[in-house]
Every structure is written in C-alpha cells, then in structure tokens.
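Everything on this sheet refers to the single structure shown next.
2 protein chains.
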Amino acid sequence: MITINEHYLKLQASYLFSDIAKRVAAFQEQNPEIEIIKLGIGDVTRPLPRACIDAFHKAVEEMASEASFRGYGPEQGYAFLREAIAANDFQARGADIQADEIFVSDGAKCDTGNIQELFSQDIKIAIPDPVYPVYLDTNVMAGRTGAYVDGRYQGIVYLDSTKENNFVPALPREKVDLIYLCFPNNPTGSTISTAELKTWVDYAREHQALILFDAAYEIFIRDQSLPHTIYEIEGAKEVAIEFRSYSKSAGFTGTRCAYTVIPKECTAYDRNGGRQPLHSLWNRRHCTKFNGVSYPVQRAAEAVYSEEGKTQTRELADYYLHNAASVRRAMQDLGFFFVGGENSPYVWINGGRDSWDFFDMLLNKAGVVCTPGAGFGRCGNGYIRISAFNSHEKVEKAMKRLKDALS
Amino acid sequence: MITINEHYLKLQASYLFSDIAKRVAAFQEQNPEIEIIKLGIGDVTRPLPRACIDAFHKAVEEMASEASFRGYGPEQGYAFLREAIAANDFQARGADIQADEIFVSDGAKCDTGNIQELFSQDIKIAIPDPVYPVYLDTNVMAGRTGAYVDGRYQGIVYLDSTKENNFVPALPREKVDLIYLCFPNNPTGSTISTAELKTWVDYAREHQALILFDAAYEIFIRDQSLPHTIYEIEGAKEVAIEFRSYSKSAGFTGTRCAYTVIPKECTAYDRNGGRQPLHSLWNRRHCTKFNGVSYPVQRAAEAVYSEEGKTQTRELADYYLHNAASVRRAMQDLGFFFVGGENSPYVWINGGRDSWDFFDMLLNKAGVVCTPGAGFGRCGNGYIRISAFNSHEKVEKAMKRLKDALS
C-alpha cells in the first residue's frame, strides 16, 4: 500500500492571504466607489531594468539559431554569472567568496526550502518569530517538529523578535544546531549590525552550529555601517550559508533567478564527528534534483552587474525606499511605534491593538490593505506590515487617506 | 552539533560522463586530425521553434513596462499554459485531464526527483534497470534504501528490462507500493503497448500501489497504436502521476519548462488506511518550496500549442527521428541486435561484448562517442546507447565511418 508522508498532515493551513482577500472583497462590495490601495503583499510592481530586458532579448535570439543555441547548462549556473556574482556581491565588499562557491537557482524560496535536506532528522532548529513561513514549513514536512500546539510547533526553538530586543533575537539559552536568520528582515524590516551578527557567528563556531542567512533584501541597505553579507564577519565561511535573490533587487519575482553561497570550508558533521563539506553535499543535491536556470534568465541576471544594470537596480531600490520613507513619515505623524523602512521595503507598525483589528481599521477607514503581523507568528500580534512595493502616487494617496482618517 | 543526512554518503559517485570525457580527450590528443562525432549525451542540438522564440520575445518585452509587467505568478503555472496542456496533450487524446490537475515546473528532473517526498519512508519501491539515475538517487538520499552492494541498492526491487522481455519489465513477484516507469524509454528507446501498460495500471489498482509515469519522450511516438499518456488507460487516474517535459519536444533543455499531472482522484493512504489525495499534498509542496516558472518561459511553452508551434515541434521531432532511422539502418547492416529509434531518439545496441569495450571500439575505430549501457544499471551491460540528437550530416558521417570500420 502506498502510504503518505504523515508529517504533511501536521502543517497548518495558512488562511492569511485568503482571509485578507475575503475581507477586501467584502469591503469593495459595500464600497464600490472606493479605489482600494494594496500595500500588503511583498511583490514588486516596477518593470525589469532595461539592461536586463536587453540582455534577455539577446539571449532569447541566441536560442533561435543552431550556432548559438544552448541546451543543458551547468546545474550550478553558467560561469559568466557566477563570476559576476563573486566579484560584485562579495569580493568588492572584501568577502573572499569564489565563483565555484555560488549555486545559481530559480529562487531563494526553493533554496531556503530545500537546504534542510542536507541535515539529519534530529538536529535542534532555531527559527525567528515573526518569520517567513518557508523555513518552518519545510522542516515540518521533513518531520523535524512535533505537533502544532498553541500556535507553535513542538521541538522548534523560537527566536522572539520584539520591541524589547529591537527585533534582533537574542542568542538562545538552549543549544541549537541550525539557525535561520534573515536581514534586512522580512517581515519587520529590521537590520542587524556587524557586532550583533558577529555574536551569532561566534555562537555557531563555539557550538558547531550552522547559520542559514537569508539576505534577499540586501539591495535596500543604505546605512554604511551595516553588513551586506554574512561573509564580512570573520569566521563566517566555516559556519554560514547565504541566500540571495534577484526578486527584489532587480524585479525578478516573475522572472526567477537567485543564488546560494556555500563556501568550501563550510562543514557539518557525520555521526563519527568527522567534518563533511556542505558544498559537495549541496552540489550532489543540485545535480540530482535540479537542471539549472533558464539560459536567457541567467543572461538577464548577469546584466544586473553591468554599469547600466548597477545604476538601474540602485534606482529601482531607491524608488521603493522613497515609498518606505513616506510610510515612515505618516506613521510618525500618526504617533504609531514602528521599525523598518530605512534599509528595507517593509515597515512594521504597532497599532496598540490586535493585528486583525488594526488591519480592519486601515481597510475600513482608508481603503488601504496591509498584512496583519499575526500571520507571521505569535510575536507579530499587535503589528501590521506595510510594503513599499507600489507606485509613488498610490503610496502617497494611501498615506494621505490614513492621516485624514486616523489623526 | 549540526549533523548531516548520512544517506547522502551511500550515493555512488557517478563517473560515467567524466570517464567518457577522459577517454574522448585521450583519443583526441592522440588523433588531433580526427573530428570526433558525439552521439552520447541526451541533449538537443536544434534551435527553439520560431513560434516559441516569438512568444518568448513578446513576453520579455511585457516585463519592460509597468502596465504589462508580471511579478509572482501562480506557483502551479499560469492558466493560459495549464489550459493549453489539458486541451492539447490530454483531452484531444480522450484523456479526461483538467487544467487544475497540471502543475507547471522548471523540469521533469526536479519533479521526478521531488515527488518521493510525499510518501512515507517504509514503502517498497520498484525501479527499472537500466534506468535514468534520478529515480534511484533521490530515494537513496531520502533514506529509502540500504547500502550499495554488488552494483545495486539494498531494499529496492529492480525491474529488469532485457532482450527477453523486449525491454518492458514484467510485473514484480513481490508486492511493491511505488513503481517508476518511463516510456518511450530512456535509455533503451523501447515502448510500451496499451495492453502492457494496462497490466501495470491493473496491478497498481489491485495492490493499492502508485505508478510514476515519465513520458518525457512522448513527442517521438509515431506508432499509432501506442499510448501517448497513461491516462488513456482506464482507471489510471486513480493510481498514476505523469511527468512531461518540453526539453525534448520543443528543445527546452536550456530554457526549462515541464509539467506534472496529478489527477484529483489519485490517492495514497494514511496510516489508518484513509485515502489522501496526492493533488493537495503536491500542491502544498509546490507552494511551499517552489515559486513558479519564469513568465516569459511559460509564454514560450504556450506557443508549442499554436498552429505554427505544433507544426514546428513535429518537424523538430521528425528531424531527430530521421537520424534515429539512419542509426538503425547502420546497425542492421552491421548485424548488431538493437531496439529503439522508431518512437524514440535513442537506439540501444548490443555489441556482444562489455559496454566499455564496445564504447572504446566505436571511439578508436570510428571517432564516434556513444554512452556505455552499464552506466544505466546492471542490465545495461553489453549495450551502448546511441542518441539521435545531432545534425543529419554528422549522424550520416558517423554511420558511414562505423560501417567502413566495422564491416
């Protein structure tokens, strides 16, 4: 008899975005004349940079003639892209990462979801709260948690990110083996300083733990003192894997390209305590279960590193940061506590009430859609996330409406 | 301490293609004047159909302006593609598959590799020999096998595909729960009749087993009597998942698009014997660990179903089948036993000697590269695979050289 992986049955159905959609639809039906402004989802709205479009077209045309046609590429990505990544995203910042330590993929969601396959079943896992749900759900599916009780999975060490710790979790009291961190953070928009990140790297080195560092929002960092990559921290190459994406940096959410960095000296342990390089394990997984990213997409991603591409992606991030600044000003004027929006497209706002009540108030009084923080974990209750991914005009209009309605 | 998934250590390093590359390089060094002709790997060489190129360009340009830009798409694929697939690949053949039973992905390798996550650890798995190694390796990684002993993993039921059974394995004597089948077959090029496929569907229904049917080479079927999809068989929707790909049908090996069909009534069982729909389990996996296929790539795939696209993909398959016929004629003339090449781009040839000896003979006497059958499993010993993926000119030249050298 073919039997299922019963761990899937532990997963909680997420009604977050369907609940939002239902409330929005009901409001629109009662108020057909109001133009609803959506600042909820984390999806970009601006077109691809022209440098990427031009490179994309050129590569598509290469696929049209036998002489320049490309079949299967290297599973790890083409050298032209891996070399551009290593030089621009790492070596230019003093982080000694080589091209063959980069694995190009079709998304950071896939990579952050699949990476847990490399580890044994009985490791102790630390996951922030609030959090991007993929880290948690993929470990539930793999059977590394117990049941879901009182809003949390048993067996997981939750790292609370709260106002008290400025949304950078403290080191766990119990010993953990695998640590998920994301900075600039989704959903809070908070950042981590070099000194704070060093405490995590030191913890990992001391406890033979591994850090999975999700830096998908790196492009939004403007504070010169903040680390752009975990490999700016001494010793991180032995204990950290980093995930990056072109989704937010170049508008690739619908185009699909990302990458993962696994330094050659980054290791985990076998049952005899022997060091096992994670680079070769991930390479084996990548070659067995993945067949590389579409060639024209890799050429479009490479264009991010051209002179025009660098200027255009910087402008793209600045466009959204301009919106985030508008949101921050409005929240300041309204007297709400908030964090984020300076080095991040997200602003995390405390409304002094239940997340959903806050959500409903914004929708009903101003026709503005946000995301209730409770959808990201227990520590998100009381908060909402406002996203900067929309046009200047719509964000300005939304903030004016909020100020008129709430002040 | 962060510990690894020790099952990865059971994996056998595959030296097949690197061994081939070494022997080819050595031969070339000794014979610099000889133009080596490669009929080894299963990668296409002809450009993308013009209909796909045009649709690809159009969609790239849509990404260049805000009004037509697309961000995150549905993880399952856009409706335009899923509907075209359901109508053309299934309903047109009398197979009642609906658009929402199709999951678009970036490759059949990914899907055939990932699907095993849905099942419990202790199922009994049947895998053909010779075989595409992904089916086997992904189950090794997941811990569903024992050690590798005498060329085979313990705990797997191997389905021998031999001359005696015309390369269509017989039903297993012991009861199995999960069955991998691939027709037209890689590497043998053999096909399965409707009656033979029905015996497998009946077996699965009787034993509450599930069939994973890999139909990546469906486009090459020319024999009117052969089934194009397993859903042409009555009752298959309850017990079979089918994998398809544009890699070979439209030259997408470097462009990346494929799909998996999971009918709504296809189920596995929970530990209480309750039926659990695999559609919802896979949907959960797909939404958690995957973020959809690149939008322009989906538009290029959709163009396969336009009138021009249908004509051009048919011509593309015919081009390679013309080569396969040349290979068959040459092998006939040389007096070798062979199978495949009529409804498949692969010809599977018995040389009456060890696979690697046969490989060396073709390389040294004719400068032609093939793939030694032993690389696909124990039953492949004595055989080589010759691929039709090359130009008419090169295949003709290779066959002439073989005839001159060996007859």
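Going down the list, the protein sequences come from chains A and B.
If you count the first sequence from 1, position 114 lands on 114 in UniProt numbering, and the numbers rise without skipping.
If you count the second sequence from 1, position 241 lands on 241 in UniProt numbering, and the numbers rise without skipping.
Where is the CB? At the ideal position from N, CA and C, for every residue including glycine.
Small disclaimer: the values here were computed from a predicted structure and weren't measured.
Closer than 9 Å at the beta carbon, the chain B residues around residue i
{"i": "residue 115 of chain A", "result": "Here the premise fails: no neighbours, minimum Cβ distance about 11 Å."}
{"i": "residue 269 of chain A", "result": "1, 2, 3, 4"}
{"i": "residue 123 of chain A", "result": "1, 2, 3"}
Alpha carbon of residue i to alpha carbon of residue j, nearest angstrom
{"i": "residue 83 of chain B", "j": "residue 89 of chain B", "result": "10 Å"}
{"i": "residue 157 of chain A", "j": "residue 208 of chain A", "result": "17 Å"}
{"i": "residue 141 of chain A", "j": "residue 10 of chain A", "result": "8 Å"}
{"i": "residue 358 of chain B", "j": "residue 383 of chain B", "result": "8 Å"}
{"i": "residue 17 of chain B", "j": "residue 345 of chain B", "result": "19 Å"}
{"i": "residue 4 of chain B", "j": "residue 20 of chain A", "result": "40 Å"}
{"i": "residue 328 of chain B", "j": "residue 243 of chain B", "result": "28 Å"}
{"i": "residue 189 of chain B", "j": "residue 146 of chain A", "result": "46 Å"}
{"i": "residue 231 of chain A", "j": "residue 336 of chain A", "result": "35 Å"}
{"i": "residue 131 of chain A", "j": "residue 377 of chain A", "result": "6 Å"}
{"i": "residue 398 of chain A", "j": "residue 80 of chain B", "result": "33 Å"}
{"i": "residue 205 of chain A", "j": "residue 40 of chain A", "result": "38 Å"}
{"i": "residue 137 of chain A", "j": "residue 143 of chain A", "result": "10 Å"}
{"i": "residue 110 of chain A", "j": "residue 248 of chain A", "result": "15 Å"}
{"i": "residue 12 of chain B", "j": "residue 200 of chain B", "result": "30 Å"}
N- and C-terminal bounds of the alpha helix (DSSP H) containing residue i
{"i": "residue 309 of chain A", "result": "307-334"}
{"i": "residue 169 of chain A", "result": "No alpha helix (DSSP H) holds residue 169 of chain A; DSSP gives it neither H nor E."}
{"i": "residue 85 of chain B", "result": "79-85"}
{"i": "residue 412 of chain B", "result": "Residue 412 of chain B cannot be examined here, being either before or after the span of chain B that is shown, 1 to 407."}
{"i": "residue 30 of chain A", "result": "16-30"}
{"i": "residue 298 of chain A", "result": "295-302"}
{"i": "residue 285 of chain B", "result": "278-289"}
{"i": "residue 177 of chain B", "result": "First-last for residue 177 of chain B: undefined, no H or E at that position."}
{"i": "residue 53 of chain A", "result": "50-62"}
{"i": "residue 358 of chain B", "result": "355-366"}
{"i": "residue 160 of chain B", "result": "Here residue 160 of chain B belongs to no alpha helix (DSSP H); instead the beta strand (DSSP E) covers 156-160."}
{"i": "residue 44 of chain A", "result": "Looking at the DSSP string, residue 44 of chain A is not in any alpha helix (DSSP H), and its letter there is neither H nor E."}
Endpoints, beta strand (DSSP E) assigned at residue i
{"i": "residue 196 of chain A", "result": "Not the beta strand (DSSP E): residue 196 of chain A falls in the alpha helix (DSSP H), residues 194-207."}
{"i": "residue 247 of chain B", "result": "It is not in any beta strand (DSSP E) - residue 247 of chain B carries neither H nor E in the DSSP assignment."}
{"i": "residue 129 of chain B", "result": "125-129"}
{"i": "residue 385 of chain A", "result": "383-387"}
{"i": "residue 268 of chain A", "result": "267-269"}
{"i": "residue 259 of chain A", "result": "258-261"}
{"i": "residue 104 of chain A", "result": "102-105"}
{"i": "residue 410 of chain A", "result": "Nothing can be reported for residue 410 of chain A, as the shown portion of chain A is limited to 1 through 407."}
Cβ separation of residue i and residue j, assumed to be a contact under 8 Å, to the nearest whole Å
{"i": "residue 265 of chain A", "j": "residue 237 of chain A", "result": "5 Å"}
{"i": "residue 221 of chain B", "j": "residue 184 of chain B", "result": "6 Å"}
{"i": "residue 285 of chain A", "j": "residue 117 of chain A", "result": "6 Å"}
{"i": "residue 114 of chain A", "j": "residue 256 of chain B", "result": "In fact, because the Cβ distance is near 17 Å, the residues do not count as touching under 8 Å."}
{"i": "residue 87 of chain A", "j": "residue 47 of chain B", "result": "About 31 Å; that fails the 8 Å criterion."}
{"i": "residue 119 of chain A", "j": "residue 178 of chain A", "result": "6 Å"}
{"i": "residue 323 of chain B", "j": "residue 388 of chain B", "result": "4 Å"}
{"i": "residue 368 of chain A", "j": "residue 37 of chain A", "result": "5 Å"}
{"i": "residue 57 of chain B", "j": "residue 60 of chain A", "result": "6 Å"}
{"i": "residue 191 of chain A", "j": "residue 159 of chain A", "result": "Contact doesn't hold; Cβ gap of about 16 Å is too wide."}
{"i": "residue 407 of chain B", "j": "residue 333 of chain B", "result": "7 Å"}
Contact list for residue i against chain A, beta-carbon separation under 7 Å
{"i": "residue 297 of chain B", "result": "294"}
{"i": "residue 44 of chain B", "result": "71"}
{"i": "residue 276 of chain B", "result": "4"}
Chain A contact residues for residue i, given Cβ-Cβ distances below 9 Å
{"i": "residue 137 of chain B", "result": "284, 288, 289"}
{"i": "residue 119 of chain B", "result": "2, 3, 4, 5"}
{"i": "residue 11 of chain B", "result": "284, 288"}
Min CB distance residue i to chain E below 9 Å
{"i": "residue 61 of chain B", "result": "Of the protein chains in the structure, A and B, none is chain E."}
Under 8 Å from the C-beta of residue i: neighbouring residues of chain A
{"i": "residue 18 of chain B", "result": "Within chain A, no residue comes near residue 18 of chain B; the closest Cβ sits about 12 Å away, beyond 8 Å."}
{"i": "residue 110 of chain B", "result": "289, 290, 291"}
{"i": "residue 134 of chain B", "result": "288, 289"}
Under 8 Å by beta carbon: chain B residues contacting residue i
{"i": "residue 349 of chain A", "result": "The contacting residues do not exist; residue 349 of chain A stays about 23 Å from chain B at best."}
{"i": "residue 281 of chain A", "result": "4, 5, 8"}
7 Å Cβ cut-off: residues of chain B touching residue i
{"i": "residue 312 of chain A", "result": "Within 7 Å Cβ-Cβ: nothing; residue 312 of chain A doesn't reach chain B, min ~12 Å."}
If you measure beta-carbon to beta-carbon, which residues of the stretch 46-57 of chain A are closer than 8 Å to chain B? 46, 47, 48, 50, 53, 56, 57
Quick one, which residues of the stretch 248-259 of chain A are near chain B if we go by CB-CB under 7 Å, in chain order? Taking 7 Å as the Cβ-Cβ cut-off against chain B, the residues of the stretch 248-259 of chain A that qualify are 253, 254, 255, 256.
With 8 Å as the C-beta to C-beta threshold (strictly closer), list the residues of the stretch 60-86 of chain B near chain A in chain order. 60, 61, 63, 64, 65, 66, 69, 70, 71, 72, 73
Check distances from the C-beta atoms of the stretch 208-232 of chain A to those of chain B and list, in chain order, the residues that come in under 7 Å. When C-beta distances to chain B are compared with 7 Å, the residues of the stretch 208-232 of chain A below that value are 208, 209, 210, in chain order.
Taking any Cβ of chain A, which residues in the stretch 88-107 of chain B have a Cβ under 7 Å from it, in chain order? 106, 107
Within 8 Å of chain A by C-beta, residues of the stretch 163-178 of chain B in sequence order: Answer in chain order: 177, 178.
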